[in-house]
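Student:
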Amino acid sequence: MEERRPKMENKELMLATFYFERWLYNEASFLDNIDFDSWYNLLHPNLKYQMPVRVNKDGIERPDYSTDMFTFEDDYETMKMRVDRLKTDYAWAEIPPSRTRRYVSNVTVQEYTENEKAVVRSYLLIYRNRTTDIHHDLISGERQDEFTYIDGEWKLSKRFFIVDQTTIDTRNLAIFV
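Counting the sequence shown from 1 gives a position; this note's numbering is that position plus 434.
#1: In chain order, what residues of the same chain have a beta carbon less than 7 Å from the beta carbon of Leu476, not counting five sequence neighbours either side?
#2: Does Thr512 pass the burial test, meaning 16 or more other C-beta atoms within 10 Å, or should it be called exposed?
#3: Taking Pro486 and Tyr474 to be in contact with their CB atoms under 8 Å, please state how far apart those CB atoms are, rounded to whole angstroms.
#4: Quick one, which of Phe470, Tyr557 and Trp457 has its alpha-carbon nearest Glu576's?
#5: I'd like the span of the alpha helix (DSSP H) that includes Asp567, first residue to last.
#6: With burial defined as no fewer than 16 other Cβ atoms inside 10 Å of the residue's Cβ, what is the status of Leu572: buried or exposed?
#7: To the nearest angstrom, report how far apart Glu587 and Arg536 are at their CA atoms.
#8: Taking Glu550 as the reference, give the member of Ser539, Tyr524, Thr522 and His478 with the closest Cα.
#9: Which one of Leu447, Asn444 and Arg456 has the shortest CA to CA distance from Val538?
Okay, structure coming up:
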């Protein structure tokens, strides 16, 4: 992803960065505390939620992820189905629920139009443990999020998560990034 610098005054940039850092920390807290309904309420009805397949390429050729194949490619409705399914006895991959801890860092506001749209880049590291297993998962990557301002709130309207690993060493990926 190309680094873009927004044309904002320092104070406006600092406030926007602080706000979206807090937004992302709040989101991580909802997910780590298995409060999927509160997390789902952060999503925009036009949501596009993607994780492309990572690929190995020679040299410095980019992008080093697929542009047409995804580990997941969800929208608002499929996210609702995933959230609702986690509340049933049929979400076997998450019974009992994973213990997760999400670490959000390197939050950078790429574009910002007050009360309209924002593009925010961040890094994510997820620690995940299941049941009494001594095995744990570490999933890391970069997110490029787009936010849309609607009804007085910022909602996540697009998430593009580029995982760092080409092979994800986890038994399943039934958690949200």
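Think of the CB as a built atom: it goes at the ideal place given N, C-alpha and C, for glycine as much as any other residue.
Tutor: Short version:
#1: Here the set comprises Glu461, Lys589 and Leu590.
#2: Residue burial annotation: Thr512 is exposed, with fewer than 16 other C-beta atoms found within 10 angstroms of its C-beta.
#3: Not quite, the Cβ-Cβ distance comes to about 23 Å (not below 8 Å), so this is no contact.
#4: For the residues Phe470, Tyr557 and Trp457, the minimum Cα distance to Glu576 belongs to Tyr557.
#5: Looking at the DSSP string, Asp567 is not in any alpha helix (DSSP H), and its letter there is neither H nor E.
#6: It is exposed - the Cβ of Leu572 has fewer than 16 other Cβ atoms within 10 Å.
#7: The straight-line gap from Cα to Cα measures roughly 23 Å.
#8: Closest by C-alpha distance to Glu550, out of Ser539, Tyr524, Thr522 and His478, is His478.
#9: Comparing Cα-Cα distances from Val538 to each of Leu447, Asn444 and Arg456, the minimum goes to Arg456.
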